[in-house]
Amino acid sequence: MTFQRSIYIIIVSVLLSACSTTTQRQPPAGNPQQLWQQHQIQLQTIRTWQLQGQIAFISPDSRNSATLNWQQFVDDFNINLTGPFGIHVLTIKRSDNISTLILDDDRQYQGRNTQTLINQLSPIPIPVNELRAWIIGDPLTDDVQLDNYGRVTQANHPLGWHISYTQYQRVDNIWLPKNIIIQQDDMRIKITTRNWKLNATQD
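Quick note on numbering: the sequence shown equals residues 766 to 968 in this note's numbering.
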C-alpha cells in the first residue's frame with residue numbers, strides 16, 4: 766500500500782466519521798413530554814408557510830399520487846395537486862371566508878365550509894381542516910407517542926385518523942415532518958414534504 770493511498774483512506778475515514786457524528790444528533794436535555802410542550806410553542810409561531818412535496822392516496826382498490834404545493838397564510842390557503850407533466854388534479858383554496866374547490870375538469874364550486882365542500886364533491890376524503898396542523902407536526906390530540914426529542918411519532922385523532930410521523934427535518938431551527946402517514950380504516954394518505962419556506966409572504 767502506497768503512502769498516498771494510506772493518506773486517502775485516512776481522510777475518507779475521518780470524513781465518514783464526521784458525517785456520522787453530524788447526522789446522529791444527540792437529543793436535547795429534558796424529558797420527552799417537556800420537550801414536546803416546548804416544541805408546540807414553536808409550532809404555534811408558524812402562521813404562514815409554503816411547501817412542496819408528494820401526496821399519495823391509497824385504498825384497497827386504488828392508488829393515486831400527485832405533486833403537492835401548499836401555501837398557508839394564517840387562515841387562508843391554496844392547496845394545489847398536480848399529476849404527471851403538471852396536469853391539474855385538484856385545487857382547494859380559501860380566501861375571505863370562502864372556500865373554492867376546482868376539480869380536474871376545471872369545474873369550480875364554492876362554499877363557506879371547506880370540509881363540507883370536499884365531502885360533497887371530491888372522491889378523496891381529505892381532512893383539510895386538520896391537515897394544515899398535522900402537516901407541521903401538531904396532531905391536535907393528547908393521545909400521542911413521543912421520541913427522545915419530544916417529537917410525535919404516533920397519534921390517534923378523535924375523528925378516527927391515526928397519524929404516523931416516520932421522519933423529521935430541521936427547517937429554520939424547527940423540527941418539521943418529512944414523512945407522514947395518515948390512516949383511517951383502509952384509507953391511507955402518505956405525504957412527503959420538502960422545500961419548506963416559513964413566514965412566507967402572500968403574493
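Each residue gets a CB set at the ideal place from its N, CA and C atoms; glycine is no exception.
Give the secondary structure of residue i by DSSP, where H, G and I count as helix, E and B as strand, and everything else as coil.
i    : result
H922 : coil
T881 : helix
G915 : coil
R828 : strand
G876 : strand
G902 : coil
L866 : strand
I928 : strand
L896 : helix
For my contact list, residue i and residue j are in at a C-beta cut-off of 8 Å; report their separation, rounded to the angstrom.
i    : j    : result
L855 : D869 : 7 Å
V936 : W899 : Between W899 and V936 the Cβ distance is about 16 Å, and since that is not below 8 Å, they are no contact.
Q846 : L866 : The residue you asked about is not Gln; residue 846 is Leu in the sequence shown. Wrong, their Cβ atoms sit about 11 Å apart, outside the cutoff.
T879 : N862 : Actually they do not touch by this definition, with Cβ atoms about 10 Å apart.
I820 : A831 : 6 Å
Alpha carbon to alpha carbon, how far is residue j from residue i? Give it in angstroms, no decimals.
i    : j    : result
Q817 : L882 : 24 Å
H853 : Q803 : 39 Å
L886 : F838 : 24 Å
L800 : N921 : 20 Å
I906 : Q919 : Checking the sequence, you will find Thr at residue 906 rather than Ile. Taking the straight line from one Cα to the other gives about 11 Å.
S929 : Q910 : 10 Å
Y901 : K943 : Position check: residue 901 holds Ile in this sequence, whereas Tyr was assumed. Cα to Cα, the separation comes out at about 9 Å.
Q815 : L941 : 13 Å
I954 : D908 : 20 Å
W932 : V917 : One point to set straight first is that residue 932 is Gln, not Trp, in the sequence displayed. Answer to the nearest angstrom: the Cα atoms are 10 Å apart.
Q875 : F842 : 14 Å
P890 : D950 : 12 Å
Q873 : I857 : 10 Å
T788 : Q809 : Note that T788 scores 37 on pLDDT, short of 50, meaning its location in the model is unreliable and no value can be drawn from it.
N884 : R877 : 13 Å
N964 : D826 : 39 Å
P923 : I947 : 13 Å
L896 : Y914 : 22 Å
I823 : I956 : 11 Å
D840 : P892 : 15 Å
G848 : G795 : 44 Å
Classify residue i: buried if its beta carbon has 16 or more other beta carbons within 10 angstroms, exposed otherwise.
i    : result
G925 : exposed
R959 : exposed
S860 : exposed
P797 : buried
F850 : exposed
T786 : Annotation note: pLDDT 33 at T786 (below 50); position unreliable, no value reported.
I806 : exposed
D903 : buried
S864 : buried
Return the bridge partner residues of residue i from the DSSP annotation.
i    : result
W940 : R935
G818 : L833 and T958
N843 : Q836 and K858
Q949 : M952
H853 : T847
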